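K.L.:
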Amino acid sequence: MQDFKTGYLTLSSAKSMFVTQLLGTAMGCVIAPLTFWMFWTAFDVGDPDGLYKAPYAVIYREMAILGIQGFAKLPKHCLTLCCGFFVAALIVNLVRDVTPSKISKLIPLPMAMAAPFYIGAYFAVDMFVGSVILFVWERMNKKDADDYSSAVASGLICGDGIW
1 MQDFKTGYLT LSSAKSMFVT QLLGTAMGCV IAPLTFWMFW TAFDVGDPDG LYKAPYAVIY
61 REMAILGIQG FAKLPKHCLT LCCGFFVAAL IVNLVRDVTP SKISKLIPLP MAMAAPFYIG
121 AYFAVDMFVG SVILFVWERM NKKDADDYSS AVASGLICGD GIW
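For the sequence shown, the residue numbers in full-length UniProt numbering are 1 to 163.
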């Protein structure tokens, strides 16, 4: 959906976006396995001391073990904590939905609070810096901020990924 939003912003036709998505997916089905094979044979992928550490590999391995061996492989009280925080997130969302807008805007979204745990704290810092920039920009020139903030935000996110 994000690609179609970008297509809308750049005045591209939905048909050309769809065809491009199909071509990109087909190419990815061939290029991605070949690239993985090349890295796998040429480098020590997943070695903690190597050039390509693959930090998420440990997380995905543990999720696969959990999926195969069940909840018995979780640490003691882990499932209880998960259920407790799930219920707490539901309650926070319900409270946010039923309170007046003046109060609800002060209640944090549990999904937004969970993002740094999954993605990493660096992303939360980037989002905070971007929000401060947007806040100041809207105070200085609201029209330009409305017109260009999506493009500037995309550039900042891409620039951070390159950095």
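Quick reminder that beta carbons are idealized off the backbone N, C-alpha and C, glycines included. These numbers were taken from a predicted model, which means no experiment stands behind them.
So, using beta-carbon positions, are residue 43 and residue 34 closer together than 8 Å?
P.N.:
no
K.L.:
Output the distance between the C-alpha atoms of residue 29 and residue 138, rounded to the nearest integer angstrom.
P.N.:
Distance between the alpha carbons of residue 29 and residue 138: 42 Å.
K.L.:
In three-state DSSP terms, what is residue 48?
P.N.:
coil
K.L.:
Can you grab the Cα-Cα spacing for the pair residue 91 / residue 98, in whole Å?
P.N.:
11 Å
K.L.:
Using the three-state DSSP reduction, which class does residue 110 fall into: helix, strand or coil?
P.N.:
Under the three-state reduction of DSSP, residue 110 is assigned to helix.
K.L.:
Spatial neighbours of residue 134 within its chain, please: CB distance less than 6 Å, with the 5 preceding and 5 following residues excluded, ordered by chain position.
P.N.:
149
K.L.:
Using CA coordinates, which residue listed in 9, 86, 54, 47 is at the minimum distance from residue 146?
P.N.:
9
K.L.:
Do you know how far the Cα of residue 39 is from the Cα of residue 164?
P.N.:
The question about residue 164 has no answer here: the residues shown for the chain are numbered 1 through 163.
K.L.:
Could you name the residues of the same chain whose beta carbon sits closer than 8 Å to that of residue 73, not counting the 5 residues immediately before and after it, in chain order?
P.N.:
65, 66
K.L.:
Less than 8 Å between the beta carbons of residue 32 and residue 46, yes or no?
P.N.:
no
K.L.:
With respect to the alpha helix (DSSP H) encompassing residue 41, which residues constitute its N-terminal and C-terminal limits?
P.N.:
14-42
K.L.:
Kindly indicate which residue of 110, 16, 81 has the alpha-carbon position closest to the one of residue 89.
P.N.:
110
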